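Q: For the protein sequence lines, the chains are A and B, in the order given.
First residue of the first sequence: 38, per the numbering used here; consecutive thereafter.
First residue of the second sequence: 114, per the numbering used here; consecutive thereafter.
We treat Cβ as the ideally placed atom computed from N, Cα and C, and that holds for glycine.
Model, not experiment: these values are computed from the prediction.
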Amino acid sequence: MFSAPALAQETVKIGLIVPMTGGQASTGKQIDNAIKLYMQQNGATVAGKKIEVILKDDAALPDNTKRLAQELIVNDKVNIIAGFGVTPAALAAAPLATQAKVPQIVMAAGTSIITEKSPYIARTSFTLPQSATVIGDWAVKNGIQKVAVLVSDYAPGVDALASFKEHFEGGGGKIVEEIKVPLANPDFAPFLQRMKDSKPDAMFVFVPAGQGGNFMKQFVERGLDKTGIKVIGPGDVVDDDLLNNMGDAALGIVTAHIYSAAHPSAKNKEFVAAYEKAYGNRPGFMAVGGYDGIHLIYEALKKTGGKADGDSLIAAMKGMAWESPRGPISIDPETRDIVQNVYIRKVEKRDGQLYNVEFATFGPIKDPGKIKK
Amino acid sequence: MTVLTILFDGVAYGMLLFVLACGLSVTMGLMNFVNLAHGAFAMAGGYACVILVNKSGLPFFAALPLAFLAAALIGFVLERLLYRHLYGRTHLDQVLFTIGLVFMAVTAMDYWMGSQQVFIQIPEYLRSQIDVFGVGIGRYRLMIIVICGLLTIALQLILAKTRFGSRLRAAVDDARAANGLGINVNQVFALTFAFGSGLAGLGGALGAEILGLDPYFPLKFMIYFLIVVSVGGTSTITGPFLASLLLGIGDVAGKYYVPKLGAFVIYAMMIVLLLWRPNGLFGRSAAR
Numbered sequence: 038m039f040s041a042p043a044l045a046q047e048t049v050k051i052g053l054i055v056p057m058t059g060g061q062a063s064t065g066k067q068i069d070n071a072i073k074l075y076m077q078q079n080g081a082t083v084a085g086k087k088i089e090v091i092l093k094d095d096a097a098l099p100d101n102t103k104r105l106a107q108e109l110i111v112n113d114k115v116n117i118i119a120g121f122g123v124t125p126a127a128l129a130a131a132p133l134a135t136q137a138k139v140p141q142i143v144m145a146a147g148t149s150i151i152t153e154k155s156p157y158i159a160r161t162s163f164t165l166p167q168s169a170t171v172i173g174d175w176a177v178k179n180g181i182q183k184v185a186v187l188v189s190d191y192a193p194g195v196d197a198l199a200s201f202k203e204h205f206e207g208g209g210g211k212i213v214e215e216i217k218v219p220l221a222n223p224d225f226a227p228f229l230q231r232m233k234d235s236k237p238d239a240m241f242v243f244v245p246a247g248q249g250g251n252f253m254k255q256f257v258e259r260g261l262d263k264t265g266i267k268v269i270g271p272g273d274v275v276d277d278d279l280l281n282n283m284g285d286a287a288l289g290i291v292t293a294h295i296y297s298a299a300h301p302s303a304k305n306k307e308f309v310a311a312y313e314k315a316y317g318n319r320p321g322f323m324a325v326g327g328y329d330g331i332h333l334i335y336e337a338l339k340k341t342g343g344k345a346d347g348d349s350l351i352a353a354m355k356g357m358a359w360e361s362p363r364g365p366i367s368i369d370p371e372t373r374d375i376v377q378n379v380y381i382r383k384v385e386k387r388d389g390q391l392y393n394v395e396f397a398t399f400g401p402i403k404d405p406g407k408i409k410k
Numbered sequence: 114m115t116v117l118t119i120l121f122d123g124v125a126y127g128m129l130l131f132v133l134a135c136g137l138s139v140t141m142g143l144m145n146f147v148n149l150a151h152g153a154f155a156m157a158g159g160y161a162c163v164i165l166v167n168k169s170g171l172p173f174f175a176a177l178p179l180a181f182l183a184a185a186l187i188g189f190v191l192e193r194l195l196y197r198h199l200y201g202r203t204h205l206d207q208v209l210f211t212i213g214l215v216f217m218a219v220t221a222m223d224y225w226m227g228s229q230q231v232f233i234q235i236p237e238y239l240r241s242q243i244d245v246f247g248v249g250i251g252r253y254r255l256m257i258i259v260i261c262g263l264l265t266i267a268l269q270l271i272l273a274k275t276r277f278g279s280r281l282r283a284a285v286d287d288a289r290a291a292n293g294l295g296i297n298v299n300q301v302f303a304l305t306f307a308f309g310s311g312l313a314g315l316g317g318a319l320g321a322e323i324l325g326l327d328p329y330f331p332l333k334f335m336i337y338f339l340i341v342v343s344v345g346g347t348s349t350i351t352g353p354f355l356a357s358l359l360l361g362i363g364d365v366a367g368k369y370y371v372p373k374l375g376a377f378v379i380y381a382m383m384i385v386l387l388l389w390r391p392n393g394l395f396g397r398s399a400a401r
């Protein structure tokens, strides 16, 4: 009777909730792949505890996320919940993390407010203000004066727009057109035409990873590639996952983002090679979010000596710093949000494949969405 | 000149909606069958076209008729196996049955092809825009207008002038009498259903480039098909055709001129039109 809880403590359970089906499935698959890869490389035992990952598919629907998080916490007695492909999913699970004092590791969702919704949330992905402010500053400094903005009409899009606007206009740039397109938008044509007619120097584009390909096709169809109008934005439009499918239309797009498969560090080369060998395609920024997320959990467990209660783990995670495939990163002890470099990259062709090639580094950058407060 | 570009884009979009939806108006209006799975046939055509072009390297224009045939064949088989048992049932039964089919199709496609968007490799010469007196004409959209225009005329002729058309109309008006006159009602319905599914498949193949294609296609566009059919009425081909054009132009113009209202314009138009003509633009008030 007394041995049962003692036995249960031999295993640290992680409930991984990600979209494995539906429009966001590539996010879930990348995170799942990266975690499996990390566990192969580092073993499934940390600080004397066996690590067990329980994978659940929420199809990026917050109702599912909440139910699955509840089941994982109550029935499976997980020590940590992790994953969360989209912002609403991360927000749906936040009250449960607080209530059950279970750390919630956000590996993908990118809206600024998420980490404020529970003291048990830590994030290893990124926030949109991190990249949108950097590209805003970069644009004014590089002779782009008039910009037309197109973002998807949901929280990350609104975040991206607000942060970009503040920095771009703050630097003296002018926004000539501002369009929020519905998330389930079938046809970009009329919006693109409106942007074209506003004759900007560049277009700032944020659409969720997955719609970027469709956007770029229509960009070319409308002849915008011949007008000299540049495409700039946060890096989601040119996710490594999709970039090759977009074809040469994507060449020359300049984005600010936290990760590129072409990041020239030794650590990243090793990561990309291992990932490609295991799964046959290259990792995107979602994979890195998952890879760093599991690393954070491993290191926190090492620090607590295997103690896996929520308060100890979160305390251990605060301020932790390490070298990720994306470069040096750390967890801000105050906001539990990720602090990292943001790179300016340009789409170029290398060995017949398209890559986001980094050419400038900014950072380390805390989430600007929170510094303001 | 922008006005004309918008008009052109709207017409192309409307034509595409028409080809996607007209099969539904045939089954719903003529056969009195509510087939919410119509979009699944469109998706099947779209994927068939993508596979033929991207994987087998078939020319785009050769893949289009094959996409039609593939969707028609699936339609024919399903009609013989499943649909015909539901002709006499209530509309609620038909709705529940077909919506179930949609979910099965979505899941099957997700499993088989993956859930990411697929991109069709259209020929290089269709990709850009040509400039006609300052009006930007997208080549691909121009092709859509030509194909869909010809198709509409052909469809109208088939229904109004051919022996098959009159048989179909007879079979619909009074199946028993038509049977008595030696019309094989079963066969007429099966062929009509297959043809309608084929049209959806062709629409899906043409639309893959503009609308994108993923396993959620049937759910995403179901609302558009239903708007076209309900605004256009179901008793003619002209009704849905004009409704498609009106909605296509309205949608594109609305998104261009009032981007803040964006996608809402098409719904507002539907509401206004239906308040004005509850049976659709060309619906007969004394419809069944």
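1. How about K168 of chain B: is its C-beta nearer than 8 Å to some C-beta of chain A?
2. Just to make sure I have the definition right: I need the residues of chain B whose C-beta is within less than 7 Å of the C-beta of A226 of chain A. Which are they?
3. Look at A84 of chain A and G250 of chain A and say whether their C-beta atoms are less than 8 Å apart.
4. For the segment 318-334 of chain B, enumerate the residues whose C-beta is nearer than 8 Å to any C-beta of chain A, in chain order.
5. What separation, rounded to the nearest whole angstrom, lies between the Cα atoms of T398 of chain A and I340 of chain B?
6. Work out the CA separation of I336 of chain B and K355 of chain A for me, nearest whole Å.
7. Can you tell me whether L243 of chain B is buried or exposed, with buried defined as 16 or more other CB within 10 angstroms of its CB?
8. Anything in the segment 241-260 of chain B with a Cβ closer than 7 Å to a Cβ of chain A? List those residues in chain order, please.
9. Compare the C-beta of P372 of chain B with all C-beta atoms of chain A and state if any pair is closer than 8 Å.
10. Answer yes or no: does any C-beta atom of chain B fall closer than 8 Å to that of P219 of chain A?
11. Determine the DSSP secondary structure at N148 of chain B, reduced to helix, strand or coil.
12. Does A356 of chain B get closer than 8 Å to chain A when you measure Cβ to Cβ?
13. Looking at C-alpha atoms only, which residue of B:A303, B:Y370, B:T211, B:A267 is the closest neighbour of A226 of chain A?
14. Distance cutoff 8 Å, beta carbons only. Does A376 of chain B sit that close to anything in chain A?
15. Starting from P271 of chain A and walking both ways along the beta strand (DSSP E), at which residues does that stretch end?
16. Quick test of your reading: G361 of chain B and G352 of chain B, contact by CB under 8 Å. State the CB separation rounded to the nearest angstrom.
17. Quick one, which of B:L355, B:R390, B:G375 has its alpha-carbon nearest M128 of chain B's?
18. In the DSSP assignment, the alpha helix (DSSP H) including S241 of chain B goes from what residue to what residue?
19. Is any beta-carbon of chain A found at less than 8 Å from that of S228 of chain B?
20. Tell me the DSSP secondary structure of L92 of chain A in three-state form.
21. Could you tell me the distance, in whole angstroms, from the CA atom of D329 of chain A to the CA atom of V219 of chain B?
22. Using 8 Å for Cβ pairs, my map puts P405 of chain A next to T170 of chain A. What's the rounded Cβ distance?
23. Would you say G60 of chain A faces chain B, with C-beta separation under 8 Å as the test?
24. In whole angstroms, what is the alpha-carbon distance linking I54 of chain A and L109 of chain A?
25. What does a CB cutoff of less than 6 Å around T228 of chain B pick up in its chain, not counting 5 residues either side in sequence?
26. Tell me, please, which residues DSSP counts as bridged to A358 of chain A.
27. Express the C-alpha separation of A155 of chain B and T211 of chain B in angstroms, rounding to a whole number.
28. By the criterion of Cβ-Cβ separation under 7 Å, what are the contact partners of E108 of chain A in chain B?
29. Taking the alpha-carbon positions, what's the L405 of chain B to T140 of chain B distance?
30. Between G127 of chain B and chain A, is there a C-beta pair that is closer than 8 Å?
31. Report the three-state DSSP secondary structure of F246 of chain B (helix, strand or coil).
32. Pick from A:I366, A:R373, A:Y312: whose alpha carbon is nearest that of P401 of chain A?
33. Just the Cα atoms here: how many angstroms apart are I334 of chain A and L350 of chain A?
34. Taking T115 of chain B as the query, report the chain A residues whose CB atoms sit under 8 Å from its CB, ordered along the chain.
35. Thinking C-alpha only, which one of B:L194, B:L294, B:G152, B:F146 is nearest G317 of chain B?
36. Any chance the segment 283-298 of chain A sits against the segment 364-384 of chain A, with 3 or more Cβ pairs inside 8 Å?
A: Let's see:
1. Among the residues facing chain A, K168 of chain B is not included, as its CB has no counterpart in that chain under 8 Å away.
2. Within chain B, the residues placing a beta-carbon under 7 Å from that of A226 of chain A are D122, V365, ordered along the chain.
3. Taking 8 Å as the Cβ cut-off, A84 of chain A and G250 of chain A do not qualify as a contacting pair.
4. Within the segment 318-334 of chain B, E322, I323, L324, G325, D327, Y329, K333, F334 place their CB atoms closer than 8 Å to a CB of chain A, listed in sequence order.
5. CA-to-CA, the gap between T398 of chain A and I340 of chain B works out to about 50 Å.
6. Looking at the two C-alpha atoms, the distance is approximately 48 Å.
7. Residue identity check: residue 243 of chain B is Ile in the sequence provided, not Leu. Result: exposed.
8. Listed in sequence order: S241, Q242, G249, G251, Y253.
9. Yes - at least one Cβ of chain A is within 8 Å of the one on P372 of chain B.
10. With 8 Å as the cut-off, P219 of chain A counts as an interface residue toward chain B.
11. It is coil, neither helix nor strand.
12. By this cut-off, A356 of chain B is not an interface position.
13. For the residues B:A303, B:Y370, B:T211, B:A267, the minimum Cα distance to A226 of chain A belongs to B:Y370.
14. It does: the Cβ of A376 of chain B has a partner Cβ on chain A nearer than 8 Å.
15. Residues 267-271.
16. No, G361 of chain B and G352 of chain B are not in contact; Cβ-Cβ is about 15 Å, not under 8 Å.
17. In this structure, B:L355 is the residue among B:L355, B:R390, B:G375 with its C-alpha nearest to the C-alpha of M128 of chain B.
18. Per DSSP, S241 of chain B lies in no alpha helix (DSSP H) segment and is marked neither H nor E.
19. For S228 of chain B, the answer is yes, since a Cβ of chain A falls inside 8 Å of its Cβ.
20. L92 of chain A: strand per DSSP, three-state reduction.
21. One Cα belongs to D329 of chain A, the other to V219 of chain B, and the distance between them is close to 33 Å.
22. Contact holds; Cβ gap of about 5 Å.
23. Closer than 8 Å: yes.
24. In a straight line, the C-alpha of I54 of chain A is about 9 Å away from that of L109 of chain A.
25. Per the sequence presented here, residue 228 of chain B reads as Ser, with Thr not at that position. Shown here for S228 of chain B: same chain residues with a beta carbon closer than 6 Å to its own, the five before and five after excluded, namely P328 in chain order.
26. Answer is A:S367, bridged to A358 of chain A.
27. Here the alpha carbon of T211 of chain B sits roughly 14 Å from the alpha carbon of A155 of chain B.
28. Contact of E108 of chain A with chain B by beta-carbon distance below 7 Å is absent, the smallest such distance being about 22 Å.
29. The structure shown does not extend to residue 405 of chain B, since chain B spans only 114 to 401, so no value can be given for it.
30. Proximity of G127 of chain B to chain A, defined by a Cβ-Cβ separation below 8 Å, is not satisfied.
31. Looking at F246 of chain B - three-state DSSP - the assignment turns out to be coil, as it is neither helix nor strand.
32. Minimum Cα distance to P401 of chain A is reached at A:I366.
33. Taking the Cα positions, I334 of chain A is about 8 Å away from L350 of chain A.
34. By Cβ distance, chain A contributes Q230, D234.
35. The closest CA to that of G317 of chain B, considering only B:L194, B:L294, B:G152, B:F146, is found on B:G152.
36. With the cut-off at 8 Å, the segment 283-298 of chain A and the segment 364-384 of chain A touch.
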